[in-house]
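Quick notes on the structure that follows.
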Amino acid sequence: LVQNELPGSGFEPASSERVFHLCVCSPLDSILTSQIYNHIEQIAPNIHVMFKSSLNQNTEHQLRYQETEFVISYEDFHRPEFTSVPLFKDEMVLVASKNHPTIKGPLLKHDVYNEQHAAVSLDRFASFSQTWYDTVDKQASIAYQGMAMMSVLSVVSQTHLVAIAPRWLAEEFAESLELQVLPLPLKQNSRTCYLSWHEAAGRDKGHQWMEEQLVSICKR
1 LVQNELPGSG FEPASSERVF HLCVCSPLDS ILTSQIYNHI EQIAPNIHVM
51 FKSSLNQNTE HQLRYQETEF VISYEDFHRP EFTSVPLFKD EMVLVASKNH
101 PTIKGPLLKH DVYNEQHAAV SLDRFASFSQ TWYDTVDKQA SIAYQGMAMM
151 SVLSVVSQTH LVAIAPRWLA EEFAESLELQ VLPLPLKQNS RTCYLSWHEA
201 AGRDKGHQWM EEQLVSICKR
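For the sequence shown, position 5 (counting from the first letter as 1) is numbered 5 according to UniProt numbering, and the numbering increases by one without interruption.
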């Protein structure tokens, strides 16, 4: 609390000095981190934002004790003492190389797991890919597990593997990596992005200000 003002004290974004710790989870970090950083730097030059990009087993503890003040991710926190507000919904797509020998257009639902997949490592806490590989049979389709979505897309571009990714990310790299971006014919074909924090932090004026900024920056 040495550098952070006590809750309820006079927080003025234009003049107050403060450090906020944010976790913007991969792959959302690649689109949101720069937007947040540039916006805050422009309107409140004395406010500093420290970013990280992955959740871990200690994230709830860090939110509870405000070591991390906000999390932006596809995971919402179901515990009573946490607040999660939806920011936007992302369409998910199936991605394959343009040079794939058999995929030349949209797949049917029963074909998806007949392909060999690249995915974000399921060993990672709150892995982006986990939701689509919740059975042993589905996991058996995974031929490559990478640490981040960018390495997954890179491998897909150079092989006959397929991957599930957010449309905005797939389209950003479709031209440079020569990717096909196809509809995802599965029930889980979208994900909601949430902003989450611990309710105890919400009484602090500075925290309330940052919450408003994050909602306005990230809303689509």
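Here a beta-carbon is modelled for each residue, glycine too, at the ideal position from N, C-alpha and C.
Computed from a prediction, not measured in an experiment: that's the story for all the values here.
Checklist entry - Is residue 63 closer than 8 Å to residue 218 when the C-beta atoms are compared? => result One-based indexing of the sequence shown puts residue 218 at position 218. One-based indexing of the sequence shown puts residue 63 at position 63. No, the pair does not count as a contact, with Cβ atoms beyond the cut-off.
Item to check | Distance between residue 103 and residue 221 (C-alpha atoms, nearest Å) | outcome: An answer regarding residue 221 cannot be provided, because it is not within the stretch 1 to 220 covered by the chain.
Checklist entry - For residue 171 versus residue 181, is the C-beta distance shorter than 8 Å? => result Locating residue 171 in the sequence shown gives position 171, counting from the first residue. Locating residue 181 in the sequence shown gives position 181, counting from the first residue. Taking 8 Å as the Cβ cut-off, residue 171 and residue 181 qualify as a contacting pair.
Item to check | DSSP state of residue 117 mapped onto helix, strand, coil | outcome: Counting from one through the sequence shown, the residue named residue 117 turns up at place 117. Note: residue 117 maps to strand in three-state DSSP.
Checklist entry - Does DSSP put residue 218 in a helix, in a strand, or in coil? => result For the purposes of this step, residue 218 is taken as residue 218 along the sequence shown, with counting starting at 1. Note: residue 218 maps to helix in three-state DSSP.
Item to check | residue 172 in three-state terms, based on DSSP | outcome: On the sequence shown, position 172 is the one that residue 172 refers to. DSSP, read as helix, strand or coil, puts residue 172 in helix.
Checklist entry - Where in the region 44-116 do unbroken runs of the alpha helix (DSSP H), each at least 4 residues long, occur, reported from the N-terminal end onward? => result Those alpha helix (DSSP H) runs which fall completely within the region 44-116 and span 4+ residues are 59-64.
Checklist entry - Where does residue 15 land, buried or exposed, given buried means 16+ other C-beta within 10 angstroms? => result Against the sequence shown, residue 15 aligns to sequence position 15. Exposed, because fewer than 16 other Cβ atoms sit within 10 Å of the Cβ of residue 15.
Item to check | Candidates 68, 23, 27: closest to residue 52 by CA position | outcome: Position 52 of the sequence shown holds residue 52. With distances taken between Cα atoms, residue 52 lies closest to 23.
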